[in-house]
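Be aware that the sequence shown starts at 1098, since it is given in the working numbering, and climbs by one per residue.
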Amino acid sequence: MKKYSLLVSVALLFGQTPDVFAQHVPAPAGIPSVSRSLGLRECVLQSLENNLQVRVQRYVPLLDQADIEIEKAFFDPVFRAGASQTGYQHRERIIWAPSGAQLNRDRAEVFYSEISKQLITGGQIDLRYEDQRMENRLFRPDPEYYSGLNLLLTQPLLDGFGRNSSLYRVRLSKKNREISSRVFEQTLLNVAYEVEAAYWDLVLAIRLVDIQKQNLDLAQSLLSRNTERFDVGMLPSYEILENQSHVASRRENLLSVVNALEDANDRLATLMNLLDSPAGGFSFLPLDDVVCEAFEPSASDSLAVAFERRPDLKQASLAIERSDLRLRYVRNQSLPSLNLITGLGLHGFDHAYSAAHDDLRDDNTYDWRIGVVFEVPFGSRESRYQHRKAVLLRQQAADQMRSLQQRVLTDIREAVRQIQTDQERIPAAMLAREFAQQRMQVEESLFDQGMSTTHDLLEYQQTLALAQLDELRAQVDLRKAFSKLRFLEGRLLDEFGFEFVEPDIWEE
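Following this line, the structure appears as structure tokens:
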């Protein structure tokens, strides 16, 4: 079972669909449509489970974990075994031979087996067992046997010495794995933020359709009344023409917002990976109301939360740690090479294999060695520039961190100001809409009394529609500004009751 999961703390709670969302625009002809009533939280949950971007990014930590195990395998013992046979023929100068030379043949058969292991100190240890069978037709016509058991240790004392050097690739892979986890968490945040924005865009699109329908109905109703007045000679023809023009224009506007609604619906379906469902198209009916409670944001509080919670800041910090890891490794690699070589061996030699093998247990048949090998390249150009490159990468990572922190500071301040502005826009837009509605009612009364024209009434209808749109946009903008601030703080998932769990990714 997957362990990259979002723990759900409570069940979804569904309320009643508001009347403002009751109207539904069907999908285009030829595309089957399935209506689904969804709350914002359920949309986010389904997107985090099914979104293709999330699925793709999820593979990266899996691949990085595989790299860790691959690098650890460097320290696994290695067994080797081999057998060979060699022979050659040549002339030997023999003083007692009549011709002064004799044809000689040498032959050797070797079998060996060994176990090698890399040490975390940077060295390598080898244990080798070897059997040889040797023949020389001229000097040793009878075969001779050699058996040997040797233990060899090679240990760097400068370049390559210690855990920082031997475990560098393992630690580097682990750091990459931590970074990929933060990238995956950031992907989840990005998708949740995109889904919430798409959800409120869908709410806006549905409400726009309602507003445009209402505006079109008002123009059509007025056209019916004007047609009756024209038929009895109470209205000039140019007012009918102007009314018909407004009806056609508002019908065009309605078609545009219906198309925008279908686009918004598809964007949300794409984020939830439902667009290519066998069931066909989905028409979503949002359950959550756009109106939200006001609160006073604090840039300093939000900034403190962001520095603690944001995955991209953690990722940048891990990148600095990775640069430090590389810098320590490169500094070690820039040292001269000084290797300690030690060995101890037991050996046996006889004309019989069993006797040669038995000699291995003789305390008097052994050999040992100890020595050092020093090596330094002339100029050390590679090590010097590797070190310089590591220093530059460290400075680059630090500058990227500072740049990101500045961007976070700027973005949060902008988000706080946007919330404050949108909270002030709503009452102003609401008051403007109320005034526009009252003014249109007055204009309708004047029109009924013959004291106003069709042109004036149509203008006030359009003014009311624009005021309704401004109020709606202010409400949606405030919702999206709240979402952006929570996203910038890195706690958007918490708002939906989800928790990112660091997984044991090998359990599928």
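Even glycine gets a Cβ: it sits at the ideal position worked out from N, Cα and C.
- Rounded to the nearest angstrom, the Cβ distance from L1424 to V1488 is 7 Å, consistent with a contact under 8 Å.
- For H1454, the enclosing alpha helix (DSSP H) starts and ends at 1450 to 1455.
- Straight-line spacing of the CA atoms in A1413 and L1145 works out to 24 Å.
- Annotation: the segment 1412 to 1477 contains the following complete segments of the alpha helix (DSSP H) (minimum length 4 residues), in chain order: 1450 to 1455.
- Cβ contact annotation for I1438 (same chain, cutoff 6 Å, sequence separation greater than five): T1251, G1468, in chain order.
- Between E1275 and L1358, the alpha-carbon positions lie close to 41 Å from each other.
- Taking the Cα positions, L1566 is about 12 Å away from V1354.
- Looking at the DSSP output, Q1186 bridges to R1202.
- For N1287, the enclosing alpha helix (DSSP H) stretches over residues 1265 to 1328.
- Looking at the DSSP output, T1251 sits in a beta bridge with Q1221, I1438.
- The alpha-carbon separation between S1134 and D1421 amounts to approximately 51 Å.
- Contact check between the segment 1280 to 1300 and the segment 1138 to 1156: three or more CB pairs, one atom from each, fall below 8 Å, which counts as touching.
- When DSSP states are grouped into helix, strand and coil, S1132 belongs to the strand group.
- The three-state reading of DSSP puts V1598 in coil, since its state is none of H, G, I, E or B.
- If one requires a minimum length of 3 residues, the beta strand (DSSP E) runs lying completely within the segment 1128 to 1182 are 1130 to 1135, in chain order.
- When the beta-carbon positions are compared, Y1209 and E1232 stay at least 8 Å from each other.
- DSSP places M1231 in the strand class (E or B) of the three-state scheme.
- Rounded to whole angstroms, the gap between the alpha carbons of P1524 and F1532 is 12 Å.
- For R1348, the uninterrupted alpha helix (DSSP H) run begins and ends at 1334 to 1368, by DSSP.
- By the neighbour-count definition (other C-beta atoms within 10 Å, threshold 16), W1465 is an exposed residue.
- Taken through DSSP and simplified to helix, strand or coil, V1388 comes out as coil.
- G1245 is bridged by DSSP to E1227, H1444.
- With fewer than 16 other Cβ atoms inside 10 Å of its own Cβ, V1175 counts as exposed.
- The segment 1509 to 1523 makes contact with the segment 1557 to 1572, as at least three CB pairs between them are under 8 Å.
- Secondary structure note for E1393: it is in no alpha helix (DSSP H), with a DSSP letter that is neither H nor E.
- In the DSSP assignment, F1381 is bridged to R1133.
- Counting only the Cα atoms, R1279 lies some 11 Å from R1155.
- If you look at L1216, you'll find it isn't in any alpha helix (DSSP H); DSSP assigns it neither H nor E.
- Annotation for D1239: H1448 place their beta carbon closer than 6 Å to its own, counting only its chain and skipping 5 residues before and after.
- L1315 sits away from Q1538, with the two beta carbons spaced by 8 Å or more.
- One thing to note: Y1242 has its Cβ within 8 Å of the Cβ of Y1450.
- Looking from the CA of G1179, the closest CA among E1168, E1206, N1356, I1167 belongs to E1206.
- Collapsing the DSSP output to three states places F1532 in a helix.
- Setting aside the 5 residues that flank it on each side, N1273 is surrounded in the same chain by D1161, D1164, R1419, each with a C-beta closer than 8 Å to its C-beta; the list follows chain order.
- Nearest Cα to E1472 within the set Q1546, S1434, L1305, I1417: S1434.
- DSSP, reduced to helix, strand and coil, places D1256 outside both helices and strands of the structure shown, so it counts as coil.
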